[in-house]
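K.L.:
Per the numbering used here, residue 1 is the first one in the sequence shown, and the count goes up by one each step.
Take this structure first; my questions come after.
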Amino acid sequence: MDHPELQPRPPSPLVEAVDERFAAHGVRLLLKRDDLVHPELPGNKWRKLAPNLRAALEAGHDRLVTFGGAYSNHLRATAAAGRLLGLGTVGIVRGDELAGRPLNDSLARCAADGMRLHFVCRSRYRAKADPQALAPLLDEAGASGAYVVPEGGSNALALAGCAELGRELRGLTDVAAVACGTGGTLAGLAAGLAPGQRALGVPVLAGGFLSAEIRSLQAEAYGGPVGDWSLAEDFHHGGYARVPAALESFAADFASRHGFPVERIYVAKLLWALTTLTQADAFPPGTTVTAIITGRP
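This is the structure in structure tokens:
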């Protein structure tokens, strides 16, 4: 029988955000409150992890291993999922220099949820996509035989979960916009939307590598490109986990205007991008734009 934590959940709330910065340009802004879809695995974390967790349990695994940086929401979500499901978790963390330091709040939460943290240098971390490099890395981390969840949770199973997000928005918006780390949410979202709708991704990391990643994920899951999607680059504010003062001020103001807490690393950058693009008339008057709120602070 399916674990109750993995049961399908009702569509997350879709609410209108009346905001003169959008209304002045004839754009209607909706908020898809996916941060409310699960109390401990909010938003895209639940949508991407649930299919992988189900597969791990069905295959009889008792441990999960995954990957992330020092501030990874994905590591935190995987650790919480392991606690909820009674599965052991191992997190392989980018940056061996962190091993001798006190844990930050994010990694401390992982540890409190029972995740064993293994720190590796950046070159070994980057090489994890190579099966020959991955096997000794897992062995060193004490995770041989564990179910491997990829960085960010993005794989073909995750895309199936994120496609449901697109289906929930069919007929309700013209543009569905989401912040992107590894690209899995956008890849699945675009596949779930109806013809005539488009998905817009806002990368939170610098580097311009996401288009290739999204194409690769869709090829793995669907055999080729699916849906209408594009990326709005140059809204990363200096890189992952960088929250300069202007972005902090914007996020606090947006939260005050619309009455919900704005997560800074992903959601604030998405909302900043949509506000900036709207004010630059990137969306024709009459467009309905939905910002997918993927997580909480």
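Ideal Cβ placement from N, Cα and C applies to all residues, glycine included.
For alanine 177, name the three-state secondary structure that DSSP assigns.
P.N.:
strand
K.L.:
In chain order, what residues of the same chain lie with their CB nearer than 6 Å to the CB of alanine 143, ignoring the 5 residues before and after it?
P.N.:
Closer than 6 Å at Cβ, skipping near neighbours: Val65 and Val90.
K.L.:
Alpha carbon to alpha carbon, what distance is there between arginine 126 and glycine 95?
P.N.:
11 Å
K.L.:
Which term fits glutamine 7, buried or exposed, when burial requires 16 or more other beta carbons within 10 angstroms of its beta carbon?
P.N.:
exposed
K.L.:
Going by DSSP, what residues sit across from leucine 231 in a beta bridge?
P.N.:
Gly201
K.L.:
Using only CA atoms, which one of Ile214, Leu165, Leu53 and Leu134 lies nearest to glycine 86?
P.N.:
Leu53
K.L.:
Closest by CA to glycine 183, which one among Thr278, Glu151, Asp62 and Leu247?
P.N.:
Nearest option by C-alpha distance: Glu151.
K.L.:
Apply the 10 Å Cβ neighbour rule to cysteine 162 and answer buried if 16 or more other Cβ atoms are within range, or exposed otherwise.
P.N.:
buried
K.L.:
Please report how far the alpha carbon of arginine 116 lies from the alpha carbon of alanine 176, in whole angstroms.
P.N.:
36 Å
K.L.:
Could you tell me which residues DSSP pairs with tyrosine 147 in its beta bridges?
P.N.:
Leu64.
K.L.:
Rounded to the nearest angstrom, what separates alanine 291 and proline 11 at their Cα positions?
P.N.:
15 Å
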